[in-house]
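*Asks:* Following our numbering, the numbering of the sequence shown begins with 550 at its first residue and continues without gaps. Note that the Cβ used here is the ideal one computed from N, Cα and C, for glycine as well. What you are looking at is a predicted structure, and each value in this text was computed from that prediction instead of being measured. Input: one structure, supplied below.
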Amino acid sequence: MITKEATEVTPVPVRVTGAPDRRPSRHKRAWDEAPRWQIYIPLGIYLVFTLVPFYWILLFALRPAGSTSLVPWPMTFEHFEKVWNERDFAVYFQNSVLTGVATLLLTTGVALAGGYALARFDFKIKRGFMLALLCTQFVPGALLLVPLFQIFAELKMINSLGSVIIAETVFQLPLSMILISGFIRNVPYSLEEAAWVDGCNRLTAFRIVVLPLLRPGLIAVGSFAFVHAWNHFLFALMFLSDQTKQTIPVGLNTLMSADSVDLGALAAGGIIAAVPVVLVFAFIQKWLITGFSAGAVKG
């Protein structure tokens, strides 16, 4: 008696002659992987051009005045004490922090509202408005000095940190609004619709559903607004005449005169100005990369 198992035939794999082999090759071709020296040599040259200036600044800031040694030893912090106490860098630092944080909050808040309108609503002049925002990026900041100075003079805001904060916010808004609108487009509109069905209004749905997903994008936009306000020189120089209201870039300019330059104090002031920005980017690096990756793809 022939059983059912005996009648079953085990299928034999058949390979069609001439068909391409889709299996991954175990052996890479010679040109698939570049030699290590072709990677390390360009990176080494780049690091030399990047790190040598930083080492030179540290050298002038940490070695004693009058020393010509290429190694900062014996190490001294007299230049830092000089610029912080005698040159009022403590006041400049405080003003820069206030200006940067206020610019960050204003730019992010206004750009968030404008970017949501550009991403979720359709209106007749939308394309023209987007084109106008892009065109503003071709206008140098120096061209805005005269009209902004006249406006702030009429408002009696000259020699006030508020004038610098408003000017920095206006200067950063177009690009920030465009970037945030791209981030919002990547959030599916169906998520907001689902929240509306559950009884949320538009504002509540935005706050609960959309806003948490925009955190990387907001951090990316806010960090660049802060860094630009921290490093910008022209607006603070033109709108602030009182020394107690000036920011770090203007304070660094006061260390240079027509007759001489205190290189030690200037290097110490440069390090004081650079350290907060380096720390900010070190802490937000993960969210910054995620934000740019999210904004690079149109949803």
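(1) Note the first and the last residue of the continuous alpha helix (DSSP H) segment covering Asn780.
(2) Using beta-carbon positions only, say whether Ala778 and Thr625 come within less than 7 Å of one another.
(3) Taking the alpha-carbon positions, what's the Asn750 to Trp633 distance?
(4) Between Pro591, Gly800, Gly813 and Ser772, which lies nearest to Thr718 when the distance is taken from Cα to Cα?
(5) Assuming Gly663 contacts Met706 (C-beta within less than 8 Å), just tell me the rounded distance between them.
(6) Please confirm whether Ala814 and Thr796 have their CB atoms less than 7 Å apart.
(7) Any idea what DSSP makes of Val810, helix, strand or coil?
(8) Using the Cβ count rule (16 or more neighbours within 10 Å means buried), how would you classify Phe832?
(9) Note down the Cα distance separating Arg669 from Thr793, rounded to an integer number of angstroms.
(10) Should Val601 be labelled buried (16 or more other beta-carbon atoms within 10 Å of its own) or exposed?
(11) Can you list, in chain order, the residues of its chain with a C-beta nearer than 8 Å to that of Arg636? Leave out the 5 residues immediately preceding and following it.
(12) Please report how far the alpha carbon of Lys553 lies from the alpha carbon of Ser739, in whole angstroms.
(13) Using three-state DSSP, classify Met624 as helix, strand or coil.
(14) Kindly indicate the opening and closing residues of the alpha helix (DSSP H) around Pro613.
(15) Let me know the alpha helix (DSSP H) ranges lying completely inside the region 706-772, each 4 residues or longer, listed in chain order.
(16) Report yes if the CB atom of Leu710 is closer than 7 Å to the CB atom of Thr648, and no otherwise.
(17) Looking only at its chain, what residues have a beta carbon closer than 6 Å to the beta carbon of Lys835, apart from the 5 residues adjacent to it on each side?
(18) Identify the residues that DSSP records as bridge partners of Met805: which are they?
*Replies:* From the atom records:
(1) For this step, residue 780 is matched to residue 231 along the sequence shown. Asn780 -> alpha helix (DSSP H) spans Arg764 to Asn780.
(2) Your numbering for residue 778 matches position 229 in the sequence shown. Your numbering for residue 625 matches position 76 in the sequence shown. No.
(3) Counting from 1 along the sequence shown, the entry for residue 750 is found at position 201. Counting from 1 along the sequence shown, the entry for residue 633 is found at position 84. Near 51 Å, if we compare the C-alpha coordinates of Trp633 and Asn750.
(4) As a first step, residue 718 is located in the sequence shown; it is residue number 169 there, counting from the start. Residue Ser772 is the option with its Cα nearest to Thr718.
(5) Here the question's residue 663 lines up with position 114 in the sequence shown. Here the question's residue 706 lines up with position 157 in the sequence shown. Actually they do not touch by this definition, with Cβ atoms about 23 Å apart.
(6) Translated into positions along the sequence shown, residue 814 becomes position 265. Translated into positions along the sequence shown, residue 796 becomes position 247. Cβ distance not < 7 Å, so Ala814 and Thr796 don't count as in contact.
(7) Here residue 810 refers to the residue found at position 261 of the sequence shown. If DSSP states are grouped into helix, strand and coil, Val810 belongs with the strands.
(8) Here the question's residue 832 lines up with position 283 in the sequence shown. It is exposed - the Cβ of Phe832 has fewer than 16 other Cβ atoms within 10 Å.
(9) Position 120 of the sequence shown, counted from the first residue, corresponds to residue 669. Position 244 of the sequence shown, counted from the first residue, corresponds to residue 793. Rounded to whole angstroms, Arg669 to Thr793 spans 44 Å at the Cα level.
(10) Position 52 of the sequence shown holds residue 601. When all chains shown are included, Val601 counts as exposed.
(11) What you label residue 636 is simply residue 87 of the sequence shown in a count that begins at 1. Answer for Arg636: Gly800, Thr803, Leu804, Ala814 and Gly818, listed in chain order.
(12) Working through the sequence shown from its first residue, we reach residue 553 at position 4. Working through the sequence shown from its first residue, we reach residue 739 at position 190. Any reading at Lys553 is ruled out, since the residue's pLDDT is 49, under 50, leaving its predicted position unreliable.
(13) Walking along the sequence shown from the start, residue 624 turns up at place 75. Three-state result, Met624: coil.
(14) Counted from its first residue, the sequence shown places residue 613 at position 64. Where Pro613 is concerned, there is no enclosing alpha helix (DSSP H), given that its DSSP letter is neither H nor E.
(15) 710-734, 738-746 and 751-754
(16) Translated into the one-based positions of the sequence shown, residue 710 becomes position 161. Translated into the one-based positions of the sequence shown, residue 648 becomes position 99. Yes, the Cβ-Cβ distance between Leu710 and Thr648 is below 7 Å.
(17) Translated into the one-based positions of the sequence shown, residue 835 becomes position 286. Counting only Cβ-Cβ distances below 6 Å, and skipping sequence neighbours, we find nothing.
(18) Counted from its first residue, the sequence shown places residue 805 at position 256. Met805 is bridged to Val810.
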